[in-house]
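A.B. asks:
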Amino acid sequence: MTKFFRGAIGEELSENIVRRLLTIETSRSEQRAILLTATINSWGDRMAAYVCIEDYEKHALEHLTPSIRDYYRGGAGEEYSVKWNKEAFKNYRIRPRFLRNVSERDISTTVLGHKVSMPLGVAPTAMQRMAHPDGECANARAAQAAGTIFILSTISTSSIEEVTEAAPKGIKWLQLYVYTDRNVTLNLIKRAERAGFKALVLTIDAPIFGDRRADLRNKFALPNHLRFANFQGDLSKRINSAKTGSGLNEYVTALFDTSLSWDDVKWLKRITTLSVILKGVLTVEDARLAVENGADGIIVSNHGARQIDSVPATIEVLPEISKAVGDKVEIYMDGGVTQGIDVFKALALGAKMVFIGRPMLWGLACNGEKGACEILELMRKEIDSTFALTGRDNA
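Letter by letter, the sequence shown follows residues 1 to 395 of the UniProt record's numbering.
#1: Can you tell which of M353, I341 and V178 has the C-alpha that lies nearest to the C-alpha of L260?
#2: Can you give me the Cβ contacts of R69 inside the same chain, cut-off strictly under 6 Å, excluding the 5 residues immediately before and after it?
#3: Looking at C-alpha atoms only, which residue of R73, T110, L226 and D384 is the closest neighbour of A305?
#4: With respect to the beta strand (DSSP E) encompassing E330, which residues constitute its N-terminal and C-terminal limits?
#5: Check whether the Cβ atoms of A146 and A166 sit closer than 8 Å, and answer yes or no.
#6: Taking the alpha carbon of D134 as the reference point, which residue from A388, E382, M360 and A395 has its own alpha carbon closest?
#7: Secondary structure at I298, three-state DSSP: helix, strand or coil?
#8: In three-state DSSP terms, what is Y50?
#9: Would you mind reading off the limits of the alpha helix (DSSP H) that contains V291?
#10: Between the beta-carbon of E57 and the beta-carbon of W362, is there less than 8 Å?
#11: What did DSSP end up calling T109 once you bin it into helix, strand or coil?
#12: Just list the alpha helix (DSSP H) runs in the segment 88 to 170, keeping only unbroken ones of 4 residues or longer that don't cross its boundaries, in chain order.
#13: If I follow the unbroken alpha helix (DSSP H) through K345, where does it start and stop?
#14: Within its chain, find whatever has a CB closer than 8 Å to the CB of G357; leave out the 5 residues flanking it on each side and keep chain order.
#15: Cβ of V102 within 8 Å of Cβ of I149?
#16: On the premise that G297 lies in contact with I277, defined as a C-beta separation below 8 Å, what is that separation, rounded to the nearest angstrom?
#17: For T390, report the span of its alpha helix (DSSP H) as first-last.
#18: Please go through the same chain and pick out, in chain order, the residues whose beta-carbon is closer than 6 Å to the beta-carbon of A395, but skip the five residues on each side of it.
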């Protein structure tokens, strides 16, 4: 009885509440209704106390299974770069301006010609149905409701078509790996085009999977009831049969084209009508090459510090990259962003758009689509208030 609704909202009723309920002379259905009401009230009280991303993260990590928890929050190696991504924001101070009339603020911006409500979007994260049964579809709907961009991971537990059906009016981009069998890549691209996606986000920092030690220790496995939804036929069977432990990393790594080069960026530009964005840029040299090879945008990113440890925090390299390529290409960033003031700092240092990944998983784990919407609304309010308190009236 104490675990009656635990699977739905991650909350156990206290023994005292259960005892009181069992002494009430009611039908079994009435007892269930009382249990549900008590649980919902407890949830509502707790949610009202959530005032920042860390509150959602704390609750999510307490209620996810250890294996899923470590997969979502973990990084490569000793996880130095995971810490640096967040801590590096502390090195930048804000010098506000006052008496500048901020009564009418507009935090909207334009990305690749598309108007978005704020300079914050949803980064690609894999296997979101591990956090909540609605997974990627819930996050896509949340992004659509917020008027911003949702990036779908290729290694998702909801397909391109399912996400499109869930959020038909939202701005959607597809994160892409290039596979040794180019027909797999071509199939994904054509499906994205048919589904109305606006851009491809080519991940350039993953010729192989990183050394994620927590996953190896946990023998991480995709739960049996889930699947990699974007793969079909024999490929789907092979990938899903190898979805446990280090076998998953080894098998997916074997599918990745490790010969990927700048010529492949030109190849992508030739075969698709979609915008091509490069995700994983960390150096001035690669930023310049991205421009030379026709990229429409770059995401300054270290893959959430999940690929190689000891790389710099993304906010650290953003200024030099912005200075080097200027307005020649749109610059976005992700990594370590947990509050609106982080977004403000990234904008000030040269980013046009900022993306968050893990915070959306925490919202999803806490309360599904509603939790995801709350994360985006919380960030929107923080961005807006930071604008007001620093004398800035537009993005």
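Idealized CB from N, CA, C, for every residue including glycine.
Since the model is a prediction, treat every value here as computed from it, not as a measurement.
C.D. replies: For this structure:
#1: V178
#2: L61
#3: R73
#4: E330 to D334
#5: no
#6: M360
#7: strand
#8: coil
#9: V284 to E292
#10: yes
#11: strand
#12: 135 to 146 and 160 to 166
#13: G340 to A348
#14: V122, A123, P124, T125, G304 and D334
#15: no
#16: 4 Å
#17: R358 to T390
#18: I107, T109 and P119
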